[in-house]
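Visitor: Per full-length UniProt numbering, the sequence shown starts with residue 1, numbered consecutively.
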Amino acid sequence: MSAIDQEVAGYYDKLLKRNAGEPEFHQAVAEVLESLKIVLEKDPHYADYGLIERLCEPERQIIFRVPWMDDNNEVRVNRGFRVQFNSALGPYKGGLRFHPSVNLGVIKFLGFEQIFKNSLTGLPIGGGKGGSDFDPKGRSEGEVMRFCQSFMTELWRHIGEYRDVPAGDIGVGGREVGFLFGQYRRLANQHESGVLTGKGLEWGGSLARTEATGFGCVYFTEEMMKANGESLDGAKVIVSGSGNVATYAIQKAQELGATVVGFSDSSGWVETPNGVDVELLRDVKEKRRERVSTYVEEAQGTTFHSDGSIWDLKADVALPCATQNELEAEHARTLVDNGVRYVAEGANMPSTPEAVEIFRSNKINFGPGKAANAGGVATSALEMQQNASRDSWTFDYTDQRLHGIMSNIFKLSAETAAEYGHEGDYIVGANIAGFKKVADAMLAQGVI
Ligand code: NDP
Numbered sequence: 001m002s003a004i005d006q007e008v009a010g011y012y013d014k015l016l017k018r019n020a021g022e023p024e025f026h027q028a029v030a031e032v033l034e035s036l037k038i039v040l041e042k043d044p045h046y047a048d049y050g051l052i053e054r055l056c057e058p059e060r061q062i063i064f065r066v067p068w069m070d071d072n073n074e075v076r077v078n079r080g081f082r083v084q085f086n087s088a089l090g091p092y093k094g095g096l097r098f099h100p101s102v103n104l105g106v107i108k109f110l111g112f113e114q115i116f117k118n119s120l121t122g123l124p125i126g127g128g129k130g131g132s133d134f135d136p137k138g139r140s141e142g143e144v145m146r147f148c149q150s151f152m153t154e155l156w157r158h159i160g161e162y163r164d165v166p167a168g169d170i171g172v173g174g175r176e177v178g179f180l181f182g183q184y185r186r187l188a189n190q191h192e193s194g195v196l197t198g199k200g201l202e203w204g205g206s207l208a209r210t211e212a213t214g215f216g217c218v219y220f221t222e223e224m225m226k227a228n229g230e231s232l233d234g235a236k237v238i239v240s241g242s243g244n245v246a247t248y249a250i251q252k253a254q255e256l257g258a259t260v261v262g263f264s265d266s267s268g269w270v271e272t273p274n275g276v277d278v279e280l281l282r283d284v285k286e287k288r289r290e291r292v293s294t295y296v297e298e299a300q301g302t303t304f305h306s307d308g309s310i311w312d313l314k315a316d317v318a319l320p321c322a323t324q325n326e327l328e329a330e331h332a333r334t335l336v337d338n339g340v341r342y343v344a345e346g347a348n349m350p351s352t353p354e355a356v357e358i359f360r361s362n363k364i365n366f367g368p369g370k371a372a373n374a375g376g377v378a379t380s381a382l383e384m385q386q387n388a389s390r391d392s393w394t395f396d397y398t399d400q401r402l403h404g405i406m407s408n409i410f411k412l413s414a415e416t417a418a419e420y421g422h423e424g425d426y427i428v429g430a431n432i433a434g435f436k437k438v439a440d441a442m443l444a445q446g447v448i
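(1) Does ligand 1 have even one heavy atom less than 7 Å from the beta-carbon of S293?
(2) Quick check on the DSSP output: the alpha helix (DSSP H) that includes R282 runs from which residue to which?
(3) Run the CB neighbour count on T323, radius 10 Å, all protein chains shown included, and call it buried at 16 or more, exposed below.
(4) Sort L256, S231, G216, D233 by Cα distance to G369 and report the nearest one.
(5) Following the continuous alpha helix (DSSP H) through M384, name the residue where it begins and the one where it ends.
(6) Beta carbon of V245: closer than 7 Å to some heavy atom of ligand 1?
(7) Helix, strand or coil for R60, going by three-state DSSP, please let me know.
(8) When the distance is taken between beta carbons, is A371 closer than 8 Å to A329?
(9) Take L123 and list the residues in its own chain whose beta-carbon comes closer than 7 Å to its own, dropping the five residues that flank it on each side.
(10) In chain order, what are the residue ranges of uninterrupted alpha helix (DSSP H) at least 4 long that sit wholly in the region 146-197?
(11) For G105, which residues from the same chain have a beta carbon less than 6 Å from its beta carbon, with the 5 sequence-adjacent residues on both sides left out?
(12) Helix, strand or coil, according to DSSP, for I364 in the structure here?
(13) For E326, is the beta carbon positioned less than 7 Å from some heavy atom of ligand 1?
(14) Provide the residue span of the alpha helix (DSSP H) that contains K411, from first to last.
(15) Any idea what DSSP makes of E41, helix, strand or coil?
(16) Might you give, ordered along the chain, the residues of its own chain that have their beta carbon closer than 6 Å to the beta carbon of Y248, omitting 5 neighbours on each side?
(17) Would you check whether ligand 1 has a heavy atom nearer than 7 Å to the C-beta of D265?
(18) Who does I125 pair with in a DSSP beta bridge?
(19) Go through its chain and collect everything with a Cβ distance to P58's Cβ below 7 Å, but skip five positions before and after it.
(20) Three-state secondary structure (DSSP) at I448?
(21) Spell out a yes or no on whether the region 138-157 and the region 222-237 are touching, meaning 3 or more CB-CB pairs, one atom from each, closer than 8 Å.
(22) Work out the CA separation of G182 and A188 for me, nearest whole Å.
(23) For Q300, count neighbouring C-beta atoms within 10 Å of its own C-beta (all shown protein chains included) and say buried if the count is 16 or more, exposed if not.
(24) So if DSSP puts T303 in a beta bridge, which residue, or which two residues, is it bridged to?
(25) Could you name the residues of the same chain whose beta carbon sits closer than 6 Å to that of V284, not counting the 5 residues immediately before and after it, in chain order?
(26) On a Cα-Cα basis, can you pick out the residue from S242, V276, A258 that is closest to V292?
(27) Can you tell me which residues form a DSSP beta bridge with T259?
(28) Does any heavy atom of ligand 1 sit closer than 7 Å to the C-beta of S242?
(29) Assuming K117 and A374 are in contact, meaning their beta carbons sit under 8 Å apart, how far apart are those beta carbons, in whole angstroms?
(30) Relative to ligand 1, is the shortest distance from any of its heavy atoms to the C-beta of residue 527 smaller than 7 Å?
(31) Look at the alpha carbon of G339 and the alpha carbon of E298, and state the distance between them as a whole number of angstroms.
(32) Using C-beta distances below 7 Å, list every residue in its chain close to G171, excluding the 5 sequence neighbours before and after it, in chain order.
(33) Within the present structure, is the beta-carbon of H331 separated from the nearest heavy atom of ligand 1 by less than 7 Å?
(34) When the distance is taken between beta carbons, is A88 closer than 8 Å to M349?
(35) Taking C-alpha atoms, which residue in E113, E53, D13, L15 lies nearest to G434?
(36) Assuming K252 and D316 make a contact with CB atoms under 8 Å, what is their CB distance in whole Å?
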């Protein structure tokens, strides 16, 4: 073991002891530390002043009780979280997730990833994340509203335009952001539009924010393909999930000439050999809030599967856009055997470390989440710019800005990987490029 391997193993051991029982957080940190070994070989000063330990410790972690009344007048109690991880580059920025699987470790993994992702966008935003173990599925509109109001009744004192700006994530879409913003406005007694992003267009939202993560993931994929003289035109694409990110990844991939051959939700997956009817998908999932099997009942030539895996489909490109660790080693092996050549993560950490290793050893072009799905937060930062200048931009202008940001993230990841001797490894490139900007800011700002 080299001295640097030992030093980094020391940081990791300490982190495991101080953050017991948080496997997703350990996984996210382990991946970044692997890349940091490469930086420390060349630039050892990045280990000065406890920088790596400070980077892995959130600046602040807020955990709170969220009591609310269900439709039967019974009291329910959920747990709320906001992890304000790093504000060296700007106010904390990152979404809120409402899902029964949420716990402190999940929020810390997401907040940690967010630091590097936000840094890669080139915009002045720090990293944070929050959420609750509340499950909006099956809840009435009134229940969701009362939950959101109770959640914001605590959260509001911790956020602000220059402090911390939450947005949506799994289980938090336009409806929830509306209820959250309403309660913030009431408590703060001011219409501070810059306090949340993903808002409705009539009250400070940005055109193209809804589409941004999915579109951005496809723009990143396009860049990877362009680097090999290829394009999405005529390609077959698998997209897992059918929520916000998946829907707009499907739309953009098809606009660029690809056929999306399957999508999914937590109840199963749908085979769509002739492509996806995006309008119908949006109607079923966004408007009616039904399961993907309803889509199959209404779309000819499609098949619903409740067993097997969406990754059994044959495709050139795979875009995992549902949730963490949804793509495991056996899935990666099947994808590789079936000829996949590009994988870009629309979701956060959807591929397990073993799956990533299989993609790497088979030289699959791989866009890690912190680069490939940064379009959402980047467009949130563009929403903040519009709010600050009391302006609203057109869809095309905002989409062009998003496209430019995604091309830059690809370029930066590719160039940094090459500079550090790992050409084509966009994981290494994204981790190092994201890290250096935050690290330089932290070093300049002293030990805080
Ligand atoms: P949504 O809630 O809109 O959609 C999530 C989708 O993933 C749904 O189809 C859902 O199925 C499926 N899903 C969620 N959990 C599971 C699970 N445990 N097993 C199988 N399927 C599951 O969320 P988003 O589209 O906003 O987010 C998807 C991913 O993208 C997340 O990893 C998120 O962190 C990431 N992301 C989102 C951004 C955004 O702007 N929204 C920005 C950057 C990253 P079902 O409906 O059955 O639950």
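Ideal Cβ placement from N, Cα and C applies to all residues, glycine included.
Guide: With the structure as the only source:
(1) Answer for S293: no, Cβ out of range of ligand 1.
(2) First-last of the alpha helix (DSSP H) with R282: 278-282.
(3) By the neighbour-count rule (16 or more Cβ atoms within 10 Å), T323 is buried.
(4) The candidate whose alpha carbon is nearest that of G369 is G216.
(5) Residues 375-388.
(6) For V245, the distance from the CB to the nearest heavy atom of ligand 1 is below 7 Å.
(7) For R60, the secondary structure class from DSSP, reduced to helix, strand or coil, is strand.
(8) Going by beta carbons, A329 and A371 fall outside the 8 Å limit.
(9) Excluding positions up to five away in sequence, the list reads A378, A381.
(10) For the region 146-197, whole alpha helix (DSSP H) runs of length 4 or above, ordered along the chain, are 174-188.
(11) Cβ within range, chain order: E22, E24, F25.
(12) Three-state result, I364: coil.
(13) It does: the Cβ of E326 is within 7 Å (strictly closer) of some heavy atom of ligand 1.
(14) Boundaries of the alpha helix (DSSP H) around K411: 395-419.
(15) When secondary structure is reduced to three states using DSSP, E41 falls in the helix class.
(16) Counting only Cβ-Cβ distances below 6 Å, and skipping sequence neighbours, we find E211, G214, F215.
(17) Because some heavy atom of ligand 1 lies under 7 Å away, the Cβ of D265 counts as near it: yes.
(18) DSSP links I125 through a beta bridge to no other residue.
(19) V83, Q84, F85, K108, G111.
(20) I448 falls in the coil class under three-state DSSP.
(21) They do not touch, by the three-pair rule.
(22) Going by the C-alpha atoms only, they are around 10 Å apart.
(23) Q300 is exposed by the Cβ-count criterion.
(24) The secondary-structure analysis by DSSP pairs T303 across a beta bridge with E271.
(25) The answer, listed in chain order, is E290, T294, Y295.
(26) Here the closest residue by C-alpha is S242.
(27) DSSP output for T259 lists K236 as bridge partner(s).
(28) S242 Cβ: within cutoff of ligand 1.
(29) Here K117 really is in contact with A374; their C-beta atoms are around 5 Å apart, less than 8 Å.
(30) Because residue 527 is not part of the residues shown, which for the chain are 1 to 448, the question remains open.
(31) If you take the alpha carbons of G339 and E298, they lie about 31 Å apart.
(32) Closer than 7 Å at Cβ, skipping near neighbours: R97, F98, H99, P136.
(33) With a threshold of 7 Å, the Cβ atom of H331 does not count as near ligand 1, since no heavy atom of the ligand is closer than that.
(34) No, the pair does not count as a contact, with Cβ atoms beyond the cut-off.
(35) Residue E113 holds the alpha-carbon nearest to the alpha-carbon of G434 among E113, E53, D13, L15.
(36) The Cβ separation is near 16 Å, so there is no contact.
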